[in-house]
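Chemist:
In this note's numbering, the protein residues as written are 10 to 448.
1. Tell me whether residue 147 is buried or exposed, calling it buried when 16 or more other Cβ atoms sit within 10 Å of its Cβ.
2. Return the chain-ordered ranges of every beta strand (DSSP E) run that is complete within the stretch 385-429 and spans a minimum of 3 residues.
3. At 3 residues or longer, what runs of the beta strand (DSSP E) sit wholly inside the stretch 183-262?
4. Just to check my reading of the structure: residue 383 and residue 358 have Cβ atoms closer than 8 Å, yes? What is that Cβ distance to the nearest angstrom?
5. Is the distance from the Cβ of residue 315 to the Cβ of residue 329 below 8 Å?
6. Answer yes or no: do residue 57 and residue 125 have a C-beta to C-beta separation smaller than 8 Å?
7. Taking the alpha carbon of residue 291 as the reference point, which residue from 219, 174, 212 and 167 has its own alpha carbon closest?
8. Using only CA atoms, which one of 348, 296, 386 and 272 lies nearest to residue 422?
9. What is the rounded straight-line gap between the Cα of residue 404 and the Cα of residue 341?
10. Going by DSSP, name the residue or residues bridged to residue 40.
11. Residue 215: buried (16+ other C-beta within 10 angstroms of its C-beta) or exposed?
12. Under DSSP, the beta strand (DSSP E) around residue 317 begins and ends at which residues?
13. Distance check for residue 432 and residue 356, CA to CA, integer angstroms please.
14. How close, in whole Å, do the beta carbons of residue 281 and residue 200 come, if the pair is a contact with beta carbons under 8 Å?
15. Report the CB separation of residue 278 from residue 310 in whole angstroms; it is logged as a contact under 8 Å.
16. Quick check: residue 429 and residue 415, are their CB atoms within less than 8 Å of each other?
17. Under the three-state reduction of DSSP, which class applies to residue 134: helix, strand or coil?
18. Between which residues of its own chain and residue 226 is the CB-CB distance below 7 Å, once the five residues before and five after are set aside?
19. Classify residue 96: buried if its beta carbon has 16 or more other beta carbons within 10 angstroms, exposed otherwise.
20. If we call anything under 8 Å between Cβ atoms a contact, is residue 256 one with residue 164?
21. Can you have a look at residue 202 and say buried or exposed, based on whether 16 or more other CB atoms are within 10 angstroms of its CB?
22. Would a C-beta distance cut-off of 8 Å place residue 13 and residue 37 closer than the cut-off?
23. Buried or exposed, going by whether 16 or more other CB atoms sit within 10 Å of the CB of residue 254?
24. Run through DSSP, which three-state label would residue 58 get?
25. Entirely within the stretch 330-354 and at least 4 residues each: give me those alpha helix (DSSP H) ranges in chain order.
26. What is the rounded straight-line gap between the Cα of residue 446 and the Cα of residue 219?
27. Count the other C-beta atoms from every protein chain shown that fall within 10 angstroms of the C-beta of residue 351, then say buried if there are 16 or more, exposed otherwise.
28. Look at residue 6 and residue 87 and say whether their C-beta atoms are less than 8 Å apart.
29. Taking Cβ positions, are residue 156 and residue 303 nearer each other than 8 Å?
30. Any idea if residue 440 is buried or exposed, counting beta-carbon neighbours within 10 angstroms, 16 or more meaning buried?
31. Leaving aside the five residues before and after residue 345 along the sequence, list all residues of the same chain whose C-beta is less than 7 Å from its C-beta, in chain order.
32. Buried or exposed for residue 105, please, with buried defined as at least 16 other CB atoms from any protein chain shown within 10 angstroms of its CB.
33. Can you find the residues in the same chain that come closer than 8 Å, C-beta to C-beta, to residue 129, ignoring five residues on each side of it along the sequence?
34. If you compare alpha carbons, which of 61, 67, 66 and 79 is closest to residue 107?
35. Taking the straight line between their C-alpha atoms, what separation do you get for residue 135 and residue 25?
36. Between the alpha carbons of residue 418 and residue 307, how many angstroms are there, rounded?
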């Protein structure tokens with residue numbers, strides 16, 4: 010095998026990585042700077058380059074661009090201790106295979122090296138202690154209970170054809186952020202990953218405060234947050250909704266703690282998935298089938314409630330009745346009859362100016378709220394024009410679709426909802442999960 014080129018000006022890092030990689034059977038060529046890299050390339054082509062972003066007298070991103078001109082097929086893993094998601098997004102756009110933060114987690118590095126060198130260019134999750142059990146049903150076998158079942162469908166699992174990236178502003182942090190979405194193999198599921206390689210499975214068991222989910226929880230910035238061992242990823246619901254409705258079963262989502270919110274809808278995420286291209290995989294996806302009614306809340310129009318019932322297909326019947334100018338709105342979404350991308354994905358988040366102002370003053374949200382919401386004040390929309398007269402109820406459907414995908418599979422059933430919050434959505438998904446795992 011051709012050697013791995015390690016380009017880093019820190020002798021201690023080079024010594025450590027050389028030892029680890031050589032112990033795994035790799036040949037390593039260390040380069041203290043970019044000049045040394047380009048001097049050695051005519052004499053020996055690498056199988057992989059580990060490239061530091063900060064090099065003496067050179068910008069690692071420029072080195073990456075120059076290298077890719079003549080070695081477009083050689084994977085490059087960028088490394089940095091002084092960069093964030095914006096640098097990672099830039100690196101992937103410029104052709105990097107992956108991006109890792111220092112201090113490096115050696116198990117994660119080795120997994121990435123193995124993946125980059127594999128003949129099949131798919132990313133596989135490591136099984137080291139840094140990667141916790143996903144607790145996701147892999148679909149091996151069929152699960153039947155009186156309430157729900159997990160059964161074989163006639164649809165293939167799907168992933169993306171290539172890496173894609175998206176920049177934006179964090180809803181809660183208010184700072185620039187981004188996301189890198191990459192292909193995964195069959196039965197891998199939806200997996201979130203931090204820049205240092207720590208993974209958070211995108212399912213209900215990773216939900217922040219999973220063990221204490223109930224409908225009495227207070228309003229918490231109105232977003233879905235996943236967490237594991239001190240790592241968090243926030244505002245995942247709109248991306249999950251797009252993945253769900255476009256049938257994406259297996260994908261890795263790399264971010265630094267918050268999914269960019271863009272305009273408060275899922276429209277940009279749908280475009281991102283199409284930009285990557287969708288690839289059918291070798292195994293069929295399992296689906297959740299509702300056999301018996303599952304309910305959360307009191308079922309009358311004066312109270313928030315949400316319930317699932319048996320249905321041959323997937324359908325959501327949503328009702329809202331809020332303050333002016335929203336009032337009562339009703340919408341039924343069935344993807345076999347209505348286009349998700351045209352009628353639901355563009356619907357944006359909404360809130361009152363007073364609520365946003367209070368949340369900002371208390372430090373719960375950042376300035377991202379102002380640019381990614383329909384803002385209501387004094388009974389009027391004050392910052393934009395509505396995309397639909399009933400955009401509010403459509404967005405509630407969008408949020409529900411995203412939260413439902415925390416179960417990890419497409420669902421066969423009908424959902425009836427009256428002004429549900431994320432907490433109600435998550436409580437219902439938790440009940441479905443419990444029905445599957447406990448019978």
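Just so it is clear, CB atoms sit at the ideal spot from N, CA and C, and this is done for glycine as well.
Computed from a prediction, not measured in an experiment: that's the story for all the values here.
Modeler: Walking through what the data contain:
1. A caution first: residue 147 carries a pLDDT of 42, below 50, which makes its placement in the model too unreliable to give a value.
2. 420-427
3. Taking only runs of at least 3 residues, the beta strand (DSSP E) segments lying wholly in the stretch 183-262 are 185-192, 199-202, 208-210, 235-237 and 240-242.
4. 7 Å
5. no
6. yes
7. Ranking the options by Cα distance to residue 291, first place goes to 167.
8. 296
9. 12 Å
10. Residue 40 pairs with 16.
11. Per the 10 Å Cβ criterion, buried.
12. 314-318
13. 20 Å
14. Wrong, their Cβ atoms sit about 17 Å apart, outside the cutoff.
15. The pair is not a contact, with the Cβ atoms about 32 Å apart (cut-off 8 Å).
16. no
17. Low per-residue confidence applies at residue 134: pLDDT is 33, beneath 50, and the placement is therefore not dependable enough to give any value.
18. Summary for residue 226: the model assigns pLDDT 48, below 50, so the residue's position carries little reliability, and this model does not support an answer.
19. buried
20. yes
21. Using a 10 angstroms sphere on the CB of residue 202, the tally of other CB atoms reaches 16 or more, which defines it as buried.
22. yes
23. buried
24. The answer is strand: DSSP assigns residue 58 an E or B state.
25. 349-352
26. 15 Å
27. exposed
28. This structure leaves residue 6 out entirely; the chain is present only between 10 and 448.
29. yes
30. buried
31. 322
32. Residue 105 should be labelled buried.
33. Only weak support exists for where residue 129 lies, its pLDDT of 35 falling under 50; the value from the coordinates is given anyway. Here residue 129 has no same chain residue with a Cβ atom under 8 Å from its own Cβ, once five neighbours each way along the sequence are excluded.
34. Taking the Cα of residue 107 as reference, the smallest distance to any Cα among 61, 67, 66 and 79 is reached at 61.
35. Summary for residue 135: the model assigns pLDDT 34, below 50, so the residue's position carries little reliability; its value from the coordinates is reported in the next sentence. Near 20 Å, if we compare the C-alpha coordinates of residue 25 and residue 135.
36. Going from the Cα of residue 418 to the Cα of residue 307 covers about 27 Å.
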